[in-house]
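Convert by adding 109 to the 1-based position in the first sequence; the result is the number in the working numbering. Encoded as structure tokens, the structure appears first; notes follow it.
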Amino acid sequence: MSIRVRFAPSPTGQPHVGVIRTAIFDWLLARHFNGRFILRIEDTDRSRYVEGAVEEIIGALKWLGMDIDEGPEPIGGDHGPYFQSERLELYHRYADFLVESGKAYWCKCSAERLEELRAGQEAQKQDIKYDNYCREAHLKGAPGDGLHVLRFKIPEGGTTTFRDELRGDITVENSTLDDLVLIKRDGFPTYHFASCIDDHHMAISHVFRGEEWISSAPKHKLIYEAIGIEPPKFVHVPVILGTDKKKLSKRHGATNVLEYKNMGYLPEALFNFLALIGWNPGGDEEILPRERLIEAFSIERINTSAGVFDIEKLDWMNGAYIRALDIGELTDRLKPFMTEWRWIGVEWEPWGRDYVESVVALFQERLNRLTEMREKAFYFFEEIKGFEVSDVAKSFKGEDILVRLRAVRNALEDCDFSLDKLESAVRDTAETLGVGAGKLIHPLRLAASGTTGGPSLFELIKTLGKDRVLARIDFAIAWIEKNRLES
RNA sequence: GGCCCCAUCGUCUAGGGGUUAGGACACAGGCUUUUCAAGCCUGCGACACGGGUUCGAUUCCCGUUGGGGCUACCA
């Protein structure tokens with residue numbers, strides 16, 4: 110049997126992390142078995158349709174490197190159309206069939222009546238379900254006539270069993286199920302009806318969906334039976350929770366995967382990280398490139414319990430991916446951010462690509478997110494405006510600070526700024542002054558970079574270049590003098 | 001309320017009738033070092049509870065508790 114999996118989001122919002130993780134499982138299974146990854150848009154709720162949502166979902170899949178084999182134009186495929194709103198005729202045919210075979214019936218109950226019914230049941234602590242008011246009324250209706258909905262006749266008595274590939278057989282009493290709506294008043298199908306029909310017509314072999322669908326799975330099984338078609342295999346995947354163990358929502362930070370792009374995460378890192386929530390290959394490694402994930406993926410190793418989205422671990426993993434990139438590649442990834450910060454223009458001006466790369470090299474192992482570059486490397490692209498009080502207390506302390514700074518300045522002025530010349534110049538000066546090298550190194554770092562942390566000092570000033578380093582020492586000396594006068 | 005799902009360190013998880021219950025993130029300490037990182041080493045830290053079954057249960061079964069989901073003419 111060929112493996113065909115579908116990712117079937119509804120265009121009602123942004124590509125949520127949890128939804129995308131399901132897509133990752135879909136994609137991984139398809140690629141593992143050389144199957145097909147299909148995108149189907151479930152737009153049967155016209156009132157919740159969000160403009161641009163489809164584009165955003167496709168953009169998210171693309172960013173994460175998930176190529177789509179079949180889907181809406183221009184992707185195409187021979188099982189289309191891939192928008193459910195364009196498949197109405199198909200659903201209506203099945204609706205007719207079910208009515209004729211007595212397995213579904215038209216219902217004219219108003220929203221008000223249903224509301225009253227529900228309120229009454231709630232008050233009397235009864236099961237909340239449709240009371241089958243129209244079940245034997247044999248009403249005449251038609252899809253989209255504006256008066257009727259089509260309801261499915263749940264068999265009376267008995268039980269229904271469906272198989273979940275992870276949990277095994279799950280059985281429920283039919284009496285706990287109610288006569289669900291198949292076709293809405295506006296003629297559009299509900300999810301339950303449309304997805305069953307489409308999964309069959311698109312020859313879907315496996316359905317991955319959130320575990321919130323478990324309770325309606327028996328109804329789907331019954332629909333398949335009524336139509337007389339074989340259901341696909343169902344895999345209900347665990348949900349992703351926030352750190353407070355509640356379903357991941359905006360309160361926990363970003364839920365739209367595209368936001369992670371803006372926050373400086375690498376798509377391959379996010380992909381790896383998400384794949385490992387609710388699934389793992391069994392070994393000890395966790396940094397698993399796409400190819401390894403494809404190779405290792407299997408349904409049996411998907412977990413049944415919910416997992417927390419731990420952003421600190423994502424940060425670590427992202428840093429690991431950043432460190433594995435070569436400098437040129439990392440520079441390219443950083444470029445859009447750096448242009449946005451106005452450090453460089455589209456042609457790398459005014460610094461030139463070589464300079465930018467040399468700076469990037471200095472920060473590769475100091476970055477967990479690309480955006481951290483902004484506060485860590487600003488002094489390579491912007492002027493220093495002043496110093497933090499705490500930094501001054503640490504690095505500009507001592508009565509002789511100006512003496513030390515001036516001595517370093519003189520030594521550097523006559524230095525050719527090669528790495529070892531730089532180092533010996535500073536160390537020799539320290540010796541001449543009779544102080545430890547740290548007495549010069551720390552002030553020089555603060556003067557040159559405006560901060561106390563960062564890359565190796567000598568590489569730092571070499572990259573900065575003599576002119577800027579001397580100018581910054583002058584600036585620091587003037588700054589210290591001015592602040593002393595004021596205090 | 002009813003029905004359903006789930007339960008190993010704080011988090012992601014491995015494991016499975018007999019193990020010193022393993023790894024990773026985070027955290028703490030150390031090494032390295034001009035700082036910050038990175039890297040390496042060490043440490044801290046878990047089988048929710050109660051009954052069974054068994055020579056032996058963290059593992060299998062039942063119950064309890066806890067968490068989650070569904071109970072729409074939304075998906």
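From the three backbone atoms N, C-alpha and C, an ideal C-beta is built for every residue, glycine too.
- A contact is defined here as three or more CB-CB pairs under 8 Å, and the segment 250-266 meets this definition with respect to the segment 197-207.
- With a contact defined as Cβ atoms closer than 8 Å, I177 and F146 qualify at about 6 Å.
- Taking 4 residues as the minimum length, the alpha helix (DSSP H) runs contained wholly in the segment 508-558 are 510-522, 528-542 and 547-558, in order along the chain.
- A direct Cα-Cα distance of roughly 26 Å separates E456 from N477.
- Boundaries cannot be given for C218, as no beta strand (DSSP E) includes it and DSSP labels it neither H nor E.
- The alpha-carbon separation between H301 and I396 amounts to approximately 38 Å.
- The three-state reading of DSSP puts K356 in strand, counting E and B together.
- Scanning A516, E334, H188 and D135 for the CA closest to the CA of R318 turns up D135.
- Straight through space, the alpha carbons of A405 and A139 are spaced by roughly 12 Å.
- Boundaries of the beta strand (DSSP E) around V114: R113 to F116.
- In terms of Cβ geometry, R401 and E409 do not form a close pair [threshold 9 Å].
- Here V258 carries a strand assignment [DSSP, helix/strand/coil].
- Looking only at R227, D187, L259 and M175, the smallest Cα-Cα distance to Y214 is reached by L259.
- Taking a contact as a CB-CB distance under 8 Å, the pair F489 and V468 counts as one, their CB atoms being some 5 Å apart.
- A Cβ-Cβ separation of about 16 Å leaves I292 out of contact with A220 under the 8 Å criterion.
- Taking C-alpha positions only, V290 is separated from T299 by approximately 7 Å.
- In this structure, G428 keeps its C-beta atom at 9 Å or more from the C-beta atom of E466.
- Pairing D154 with R202, the inter-Cα distance amounts to about 20 Å.
- Under DSSP, A213 shares a beta bridge with F261.
- Setting aside the 5 residues that flank it on each side, M372 is surrounded in the same chain by A363, R478 and T480, each with a C-beta closer than 8 Å to its C-beta; the list follows chain order.
- For the options R227, L471, G543 and L579, the alpha carbon positioned closest to that of S565 is the one of L471.
- It is roughly 31 Å from the alpha-carbon of R554 to the alpha-carbon of K422.
- For L148, the enclosing beta strand (DSSP E) stretches over residues R145 to L148.
- Remark: C-beta atoms of E274 and F343 approach each other more closely than 9 Å.
- The beta-carbon separation of I589 and R518, rounded to 13 Å, does not stay under the 8 Å limit for a contact.
- Secondary structure note for K342: its beta strand (DSSP E) is the uninterrupted segment K342 to V346.
- Linking G189 to I306 through their CA atoms gives a straight-line distance of about 13 Å.
- Restricting attention to R399, I420 and S527, the CA atom closest to the CA of D353 is found in I420.
- Across the structure, D523 and E497 are spaced so that their CA atoms are roughly 30 Å apart.
- In this structure, F382 lies away from M311, with their beta-carbon atoms at least 9 Å apart.
- For the 9 Å CB-CB criterion, F446 and V126 do not form a contact.
- Each of N143, H141, F142 and I167 was checked against the Cα of I150, and the nearest Cα belongs to I167.
- An exposed status is given to S527, since fewer than 16 other beta-carbon atoms sit within 10 Å of its beta-carbon.
- With a threshold of 16 other beta carbon atoms within 10 Å, R513 meets it and is buried.
- When the alpha-carbon of S504 is set against those of S533, E458 and G562, the nearest one is in G562.
- When the alpha-carbon of R115 is set against those of T268, S314 and K506, the nearest one is in S314.
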